[in-house]
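Visitor:
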Amino acid sequence: MQCIYDVTTEELVAWLEARGQPAYRAKQILEGVYRHRVASFASLSALPRWLRQELAAEFEVGGLPVVRRWDGEDSLKLLVALGDGEMVECVGMRTRWGETACVSCQVGCAMGCAFCASALGGYRRNLTASEIVRQVISLEAAGARISNIVFMGMGEPLLNYDQVLSAIHTFVAPDRMAISPRHITVGTCGIVPAIRRLARDAPRRVELAVSLNAPTDDLRRKLMPGAAKWRLAELLEACDFWTEARGGQPVTYAYVLLRGVNDAPSHADELAKLLAGRRHLVNLIRMNPVEGCQLTASSKARALAFARRLQDQGISVTLRRSRGRDVRAACGQLRRHDDQARASCQGKLYPVGRRAKKQQ
Ligand code: SF4
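According to the numbering used here, the sequence shown is numbered sequentially starting from 7.
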């Protein structure tokens, strides 16, 4: 069955015309689907009953079915089911600026970053635009009030370029979800040709965050084997292109601090040298624990010293507090659920809604 979030306005108008309905019905439907986030066409009371029934017979609407939910201190993690039985995780994080949805764009990930749970178990498939959009709707239906979206869940967004871009357009379009582009961030491990493409294609003010994690090609190759296909010099050139093509918009560089691996003073010096003269913001984050991974987080003291050393060299840096660790929803902790988990979840889909059964 087609999903209503994949249908363009023109397609919807044509569908209505074929049923002898005026074009203004499309506006009524879109308003119900996007502004009021209806979970069923039956709620569109302005439409004749037969039309609601036809819509329901033809299109899916509402969030993805929630297989499991975890309520953390400052986060909500959902495991949601896709139509073919695959599952992905998405997270709502409460911050002082509002609530942020961290969405997945692939089932698993092929990039193999050494510190990331999404890399374990490999890649299965890309998500469609509507599967991305519906993660946000599931989070909202579960009680989150989403005002920001980050493409930093499972998978590499720029390897699912068309669907991610289409989801971004749905998020920002005034007659769809109407989220400010400034509140949308695409995180990437650094797919160079796609960064250049996105610089031209993404709506103005959508943000870019590049996962850097190493100041030299050798170290980056060890930590991020998939991304290291492009040398750091090429990656930074693409980031400069982003800034230039988008009227001076800076790039955020994420740097996961790994104990004894990339957190030495010399690494900070090399990083400062790389970013000098570039419009940037560096987000440092201490690695979150990943089961089955040998790497561990730098100590707090080491992270603070690293941040100070960057600052002293003119780098804009923030040391981010990790959110969602208590429910394994933090950066780098989302993972693919295997066949065993799928089998044990079968037939146990929890209803979407504020009173949905909670699991710890
Ligand atoms: S950090 Fe991103 S690109 Fe790397 S393995 Fe994890 S999800 Fe994939």
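All C-beta atoms, glycine included, are put in the ideal place defined by N, C-alpha and C.
Which residue spans inside the segment 161 to 214 form an unbroken alpha helix (DSSP H) run of at least 4?
Guide: Fully enclosed alpha helix (DSSP H) runs of 4 or longer: 167 to 178 and 198 to 207.
Visitor: Closer than 7 Å: is that where the CB of SER217 sits relative to any heavy atom of the ligand SF4?
Guide: Residue 217 sits at position 211 when you count from the first residue of the sequence shown. Yes; taking the cut-off as 7 Å, the Cβ of SER217 has a heavy atom of the ligand SF4 nearer than that.
Visitor: Just to confirm, does MET160 get its C-beta within under 7 Å of one of the non-hydrogen atoms of the ligand SF4?
Guide: To locate residue 160, count along the sequence shown from 1; it is residue 154. Checking every heavy atom of the ligand SF4 against the Cβ of MET160, one is found closer than 7 Å.
Visitor: Any chance the CB of GLY91 is under 7 Å from a heavy atom of the ligand SF4?
Guide: For the purposes of this step, residue 91 is taken as the residue at position 85 of the sequence shown. Answer for GLY91: no, Cβ out of range of the ligand SF4.
Visitor: With 16 as the cutoff for other CB atoms within 10 Å, does ARG292 come out buried or exposed?
Guide: In the sequence shown, residue 292 corresponds to position 286, counting from 1. Its Cβ being crowded by 16 or more others within 10 Å, ARG292 is buried.
Visitor: Where are the alpha helix (DSSP H) runs, 4 residues long or more, that stay fully inside the segment 42 to 126, in chain order?
Guide: Runs of the alpha helix (DSSP H) inside the segment 42 to 126: 55 to 64.
Visitor: Should the segment 191 to 205 be called in touch with the segment 76 to 84, which here means at least 3 C-beta pairs below 8 Å?
Guide: Output reads no: the segment 76 to 84 does not touch the segment 191 to 205.
Visitor: Taking 7 Å as the limit between beta carbons, can you name the residues of its chain near LEU145, skipping five residues before and five after?
Guide: As a position in the sequence shown, residue 145 is number 139, starting the count at 1. Contacts found: LEU82, LEU84, CYS96, GLY98, ALA107 and ILE152.
Visitor: Rounded to whole angstroms, how far is the Cβ of GLN34 from the Cβ of LEU50, which I believe are closer than 8 Å?
Guide: Position 28 of the sequence shown, counting from 1, holds the residue named residue 34. Position 44 of the sequence shown, counting from 1, holds the residue named residue 50. About 7 Å; that satisfies the 8 Å criterion.
Visitor: Report yes if the CB atom of CYS111 is closer than 8 Å to the CB atom of ASN154, and no otherwise.
Guide: Sequence index remark: in the sequence shown, residue 111 carries index 105 (1-based). Sequence index remark: in the sequence shown, residue 154 carries index 148 (1-based). Not closer than 8 Å, so no.
Visitor: Quick check: LEU70 and VAL86, are their CB atoms within less than 8 Å of each other?
Guide: As a working mapping, residue 70 is identified with position 64 in the sequence shown. As a working mapping, residue 86 is identified with position 80 in the sequence shown. Cβ atoms of LEU70 and VAL86: closer than 8 Å.
Visitor: Quick check on LEU355: does DSSP put it in helix, strand or coil?
Guide: Counted from its first residue, the sequence shown places residue 355 at position 349. With a pLDDT of only 39 at LEU355, under 50, the local geometry of the prediction cannot be trusted, and the value read off the model is given with reservation. In this structure, LEU355 counts as coil in the three-state DSSP scheme.
Visitor: Would you tell me roughly how many angstroms separate the C-alpha atoms of ALA233 and ALA116, rounded to the nearest one?
Guide: Here the question's residue 233 lines up with position 227 in the sequence shown. Here the question's residue 116 lines up with position 110 in the sequence shown. Those two C-alpha atoms are separated by around 10 Å.
Visitor: If we count the other Cβ atoms within 10 Å of its Cβ and call it buried at 16 or more, is ARG25 buried or exposed?
Guide: For the purposes of this step, residue 25 is taken as residue 19 along the sequence shown, with counting starting at 1. ARG25 should be labelled exposed.
Visitor: Starting from THR249, trace the alpha helix (DSSP H) in both directions and tell me its first and last residue.
Guide: Position 243 of the sequence shown, counting from 1, holds the residue named residue 249. THR249 -> alpha helix (DSSP H) spans 238 to 251.
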